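In the working numbering, the protein residues as written are 56 to 679. Every residue, glycine too, gets a C-beta built ideally from N, C-alpha and C. These numbers were taken from a predicted model, which means no experiment stands behind them. Presented below is the structure to which this report refers.
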RNA sequence: CGGGGUGUAGCGCAGCUUGGUAGCGCGUCUCGUUCGGGACGAGAAGGUCGGAGGUUCGAAUCCUCUCACCCCGACCA
């Protein structure tokens, strides 16, 4: 499926021409004190954005132009999928979230207010409920499906900590799309699973959206990685994240360098980890169990500091409660090495059914000293299932050729034990009590799940897009059912697809800048060409106007720096705002009917180009 | 929300310890000299010192309360 029809057979749209002195481009020499990341610093200094309050920004003319260019690319690609653009309200009644419980689930992230009648309202953080509600009223036959709609709109999330300029805002621009599918001709549910494949099914649209996202981020000139992701609190089954590769990114992703497999840390699978030579749990005790008083140690780190051991020598045990599945109602103990993290999703997969972090009071009543639980407590209890990660199920430290030294909880508050030994302390037969299975987050260096002998590598990224298969979560909760061909009523199957449009702008700067400023990719630059007038007198202004006119006719957006400033100031600002091509008009060049052409990425002054050839040179350079 | 920090001119900061007429750099305005990578000189404008209360003859400075903002953590487009 390709959506690249947008560039062909299209009459060139005339570009825009702006004059610096007539626009609002307030560049500054210094960044605001709170700006730390490159995108925040440069977008502020270059006059693209201004902060209004925490996590809320004004888009000044340059910033708004970039935003609109990204939006336009998004719009074109979304339209190409067949989705219809609409606009839902930002202000909605809180009632709307009651059926799905998200008025509670979203918690403080939701910005709520009361209107003059005392009715509770909220500002939309996302729009599953409204769109489901809207479609429910409008669609009642399978014949109207599948159907996709999208909007580009301001979203509100009262983040605990907005940060890094446009990267994490409380008010931000998002494209959100939703797709609706009839249950597959009455066989929506088969063996308890929703059928999503086949013509008109969720999979088909999901794949099309996936491709549209690839097109969008490619067209924006971004270097990105698509990763498998957990669906998260929004619900549903399969999910992919689109991550812009940037060292400054907040998210860590794991990639297999030989197969291209990529996933976020929560989702990443870990390849086969070879069992220790002597088998799991095998190794002699390193000493007698030694119970140590460890007061005021809320975390692994504090315990390690106090006992002078490494986190890799700790066993960490997290208590879950199974809900459904083969272990329904039992306690699930997930034991991993202290320097690693339990992955709830993997625990759930092993247990079947859902698991939840155990209710602390109930867990304590059941004999678990939360915070000081040892795997040993599982011995002899049939209401407990003990899962041990392979890295923790080790009794002999092969690297050091001696028995493994473990520290773990003492099953009583404020105490830990040294010299824990799997054989001795789990009743002689650990295999009987414990199941060894992969239940931790993947990390760099783990074996790839797709290629043997290859290790996963960690990369940093910024999440700019996320697509989900929602299934019937929302339609079920909100009673959006339709009649199928066979006359049966079934909930509609849904998918949802988001892009952080304003975040994409910032992510691009994070990825594409140097010490002097921004370097825009041609497709989303606010202007393609900056015409710098060394001395803005009548003659050069006339020459600039004529040249700009010609360039605009060829579809280029042109900014003319006609300020009465010294050349050095203009050159520095030119680098700062990051326009891909600078044409410098000075008296000497003009006398030769030429201008100087310099790409933003070039060093030095650039080269002299006859005015007659400028359009062609720019076209080649910008590849438009 | 837990931990740390900051609020003084448009921006960046000093002054606070030890209370006594509010300063510096950048920017802005005027004049002159300049003019190819953030010029120079002379002059000028611009501040309820985040807010409220208190102590004091006197508070940017000390005390109390409050608000805003930033950084680190768990979440997300």
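Discussion item. Just to confirm, is the Cβ distance from residue 221 to residue 491 under 8 Å?
Written reply: In the first chain, residue 221 corresponds to position 166, counting from 1. In the first chain, residue 491 corresponds to position 436, counting from 1. No; because the gap between Cβ atoms is not below 8 Å, this pair is not in contact.
Discussion item. Which residue marks the beginning of the alpha helix (DSSP H) containing residue 129, and which one marks its end?
Written reply: Against the first chain, residue 129 aligns to sequence position 74. Where residue 129 is concerned, the enclosing alpha helix (DSSP H) stretches over 116-135.
Discussion item. Taking 6 Å as the limit between beta carbons, can you name the residues of its chain near residue 323, skipping five residues before and five after?
Written reply: By 1-based counting over the first chain, the position of residue 323 is 268. Cβ neighbours of residue 323 beyond the five flanking positions: 309 and 497.
Practice prompt. List the endpoints of the continuous beta strand (DSSP E) containing residue 541.
Written response: Here residue 541 is taken as the residue at index 486 of the first chain, counted from 1. Per DSSP, residue 541 is not a residue of any beta strand (DSSP E), being assigned neither H nor E.
Item to complete: Could you tell me which residues DSSP puts in a beta bridge with residue 640?
Response: Looking up residue 640 in the first chain gives position 585. Among the bridge pairs identified by DSSP, residue 640 is matched with 588.
Worksheet item: In terms of residue numbering, what span does the beta strand (DSSP E) encompassing residue 405 cover?
Response: Reading the first chain from its first residue, position 350 is the one you call residue 405. Counting along the chain, residue 405 falls outside any beta strand (DSSP E), though it belongs to the alpha helix (DSSP H) covering 399-406.
Item to complete: Pair every Cβ in the segment 507-526 with every Cβ in the segment 186-196, then say whether three or more of these pairs are closer than 8 Å.
Response: Contact between the segment 507-526 and the segment 186-196 is absent: fewer than 3 CB-CB pairs across the two stretches fall below 8 Å.
Worksheet item: Exposed or buried, which one is residue 471 when buried takes at least 16 other CB atoms within 10 Å?
Response: As a first step, residue 471 must be located in the first chain, where it is residue number 416. Buried is the call here.
Worksheet item: So, using beta-carbon positions, are residue 116 and residue 143 closer together than 8 Å?
Response: What you label residue 116 is simply residue 61 of the first chain in a count that begins at 1. What you label residue 143 is simply residue 88 of the first chain in a count that begins at 1. In this structure, residue 143 does not lie closer than 8 Å to residue 116 by Cβ.
Fill in: Short Cβ contact (8 Å threshold) for residue 668 with residue 660
Locating residue 668 in the first chain gives position 613, where the first residue counts as 1. Locating residue 660 in the first chain gives position 605, where the first residue counts as 1. For the pair residue 668 and residue 660, the CB atoms are not nearer than the 8 Å cut-off.
Worksheet item: For residue 225, which residues from the same chain have a beta carbon less than 8 Å from its beta carbon, with the 5 sequence-adjacent residues on both sides left out?
Response: As a position in the first chain, residue 225 is number 170, starting the count at 1. Correct list, in chain order: 109, 110, 111, 166, 211, 212, 213, 214 and 217.
Worksheet entry | Secondary structure of residue 300, DSSP reduced to three states | Translated into the one-based positions of the first chain, residue 300 becomes position 245. Reduced to three states, the DSSP call for residue 300 is strand.
Discussion item. So, with DSSP's three-state summary, where would you put residue 272?
Written reply: Residue mapping note: residue 272 aligns to position 217 of the first chain, counting from 1. In this structure, residue 272 counts as helix in the three-state DSSP scheme.
Item to complete: Mind checking which residues open and close the beta strand (DSSP E) that includes residue 575?
Response: Here residue 575 corresponds to residue number 520 of the first chain, with the count starting at 1. Residue 575 -> no beta strand (DSSP E), and no H or E assigned at all.
Worksheet item: Any idea if residue 348 is buried or exposed, counting beta-carbon neighbours within 10 angstroms, 16 or more meaning buried?
Response: Here the question's residue 348 lines up with position 293 in the first chain. In the assembly as shown, residue 348 is an exposed residue. Its beta-carbon has fewer than 16 other beta-carbons within 10 Å.
Practice prompt. Please report how far the alpha carbon of residue 338 lies from the alpha carbon of residue 371, in whole angstroms.
Written response: As a working mapping, residue 338 is identified with position 283 in the first chain. As a working mapping, residue 371 is identified with position 316 in the first chain. When rounded, the distance between both Cα atoms is 19 Å.
Worksheet item: For the candidate residues 267, 118 and 195, whose alpha-carbon lies nearest to that of residue 554?
Response: As a position in the first chain, residue 554 is number 499, starting the count at 1. Distances from the alpha-carbon of residue 554 to those of 267, 118 and 195 put 267 closest.
Item to complete: Starting from the Cα of residue 145, find the closest Cα among 98, 506, 178 and 132 and give me that residue.
Response: As a first step, residue 145 must be located in the first chain, where it is residue number 90. With distances taken between Cα atoms, residue 145 lies closest to 178.
Worksheet entry | Straight-line gap, residue 596 to residue 628 (C-alpha atoms, nearest Å) | Residue mapping note: residue 596 aligns to position 541 of the first chain, counting from 1. Residue mapping note: residue 628 aligns to position 573 of the first chain, counting from 1. Taking the straight line from one Cα to the other gives about 19 Å.
Practice prompt. Mind listing, in chain order, the continuous alpha helix (DSSP H) runs of no fewer than 4 residues lying wholly within the segment 459-541?
Written response: Runs of the alpha helix (DSSP H) inside the segment 459-541: 477-480, 485-488 and 528-532.
Worksheet item: Can you tell me the Cα-Cα spacing of residue 297 and residue 203, whole angstroms?
Response: For this step, residue 297 is matched to residue 242 along the first chain. For this step, residue 203 is matched to residue 148 along the first chain. One C-alpha to the other measures close to 20 Å.
Item to complete: Work out the CA separation of residue 100 and residue 407 for me, nearest whole Å.
Response: The residue labelled residue 407 in the question sits at position 352 within the first chain. The residue labelled residue 100 in the question sits at position 45 within the first chain. Near 53 Å, if we compare the C-alpha coordinates of residue 100 and residue 407.
Item to complete: Spatial neighbours of residue 467 within its chain, please: CB distance less than 6 Å, with the 5 preceding and 5 following residues excluded, ordered by chain position.
Response: As a working note, residue 467 is residue 412 in the first chain. Here residue 467 has 424 as same chain residues with Cβ atoms under 6 Å from its own Cβ, once five neighbours each way along the sequence are excluded.
Practice prompt. For residue 288, collect the residues of the same chain with a Cβ closer than 7 Å to its Cβ; drop the 5 residues on either side in sequence, then sort them by chain order.
Written response: If you number the first chain from 1, residue 288 lands on position 233. Here the model assigns residue 288 a pLDDT of 44, short of 50, so the residue's position is not dependable, and the following value carries that caveat. So the list reads 160, once near-sequence residues are dropped.
Fill in: Straight-line gap, residue 368 to residue 93 (C-alpha atoms, nearest Å)
The residue given as residue 368 occupies position 313 in the first chain. The residue given as residue 93 occupies position 38 in the first chain. Going by C-alpha positions, residue 368 is about 39 Å away from residue 93.
Item to complete: Look at the alpha carbon of residue 633 and the alpha carbon of residue 403, and state the distance between them as a whole number of angstroms.
Response: One-based indexing of the first chain puts residue 633 at position 578. One-based indexing of the first chain puts residue 403 at position 348. Taking the straight line joining both Cα atoms gives about 48 Å.
Worksheet item: Is any heavy atom of the ligand PLP found at a distance shorter than 7 Å from the C-beta of residue 163?
Response: Although the ligand PLP was asked about, the structure shown includes no ligands whatsoever.
Worksheet entry | Residue burial classification, residue 260 (beta-carbon count within 10 angstroms, cutoff 16) | Numbered from 1 along the first chain, position 205 holds the residue referred to as residue 260. It counts as buried.
Discussion item. Can you list, in chain order, the residues of its chain with a C-beta nearer than 8 Å to that of residue 321? Leave out the 5 residues immediately preceding and following it.
Written reply: To locate residue 321, count along the first chain from 1; it is residue 266. These residues qualify, in order along the chain: 284, 285, 398, 400 and 496.
Worksheet item: According to DSSP, is residue 206 helix, strand or coil?
Response: Numbered from its first residue, the first chain carries residue 206 at position 151. Here residue 206 sits in strand by DSSP.
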